[in-house]
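Working notes, structure below.
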Amino acid sequence: MHAVIRRYEGVTDPAEAGRRVNEEFLPLLRQVQGFVAYYFVDAGGGVMVSTSVFQDRAGAEESTERAGDYVRDRLAELLPNPPQVTAGEAVAHS
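Mind the numbering: the sequence shown is residues 1 to 94 in the UniProt record's numbering, read in order.
What follows is the structure in structure tokens.
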């Protein structure tokens, strides 16, 4: 299992960002080979965190590419700052 965590700061409208991600981005992400799970969390204070889980590294890397394209094309006004991205192999999970 591989996970990618993205932390977005300076989010201007968390509710709208969540709506778009749920309706538009999540269907795209589900098409990635090895998709396991995705969470988009409103952490408050203009911070949102996404967590993507895939069966392998290739899926995780593809998700990072798709996320970058999607944010640039559809969410730039809501997520104006580049995310902090952390990715790696899950060494423990349930």
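Note that beta-carbon positions come from the ideal geometry of N, C-alpha and C, so glycine has one too.
Between the segment 4 to 19 and the segment 43 to 51, do at least 3 Cβ pairs fall closer than 8 angstroms? Contact between the segment 4 to 19 and the segment 43 to 51 is present, because at least three Cβ pairs lie under 8 angstroms.
Of the residues E23, Q31, V41 and E16, which one's Cα is nearest the Cα of R66? Q31 is the residue among E23, Q31, V41 and E16 whose C-alpha sits nearest the C-alpha of R66.
Classify A17 as buried or exposed, calling it buried when 16 or more other Cβ atoms lie within 10 Å of its own Cβ. That one is buried.
Does the segment 20 to 28 come into contact with the segment 62 to 80, if we say contact requires no fewer than three beta-carbon pairs (one atom in each stretch) closer than 8 angstroms? Contact holds: three or more Cβ-Cβ distances are below 8 angstroms.
Going by alpha carbons, who is nearest to F35 out of M1, G44 and L75? That would be M1, whose Cα lies nearest to the Cα of F35.
For Y38 and L29, which I take to be in contact (beta-carbon distance under 8 angstroms), what is that distance rounded to the nearest angstrom? In this structure Y38 touches L29 by the C-beta definition: roughly 6 angstroms separates them, less than 8 angstroms.
Using the Cα positions of V11 and A92, report the straight-line distance between them to the nearest angstrom. If you take the alpha carbons of V11 and A92, they lie about 31 angstroms apart.
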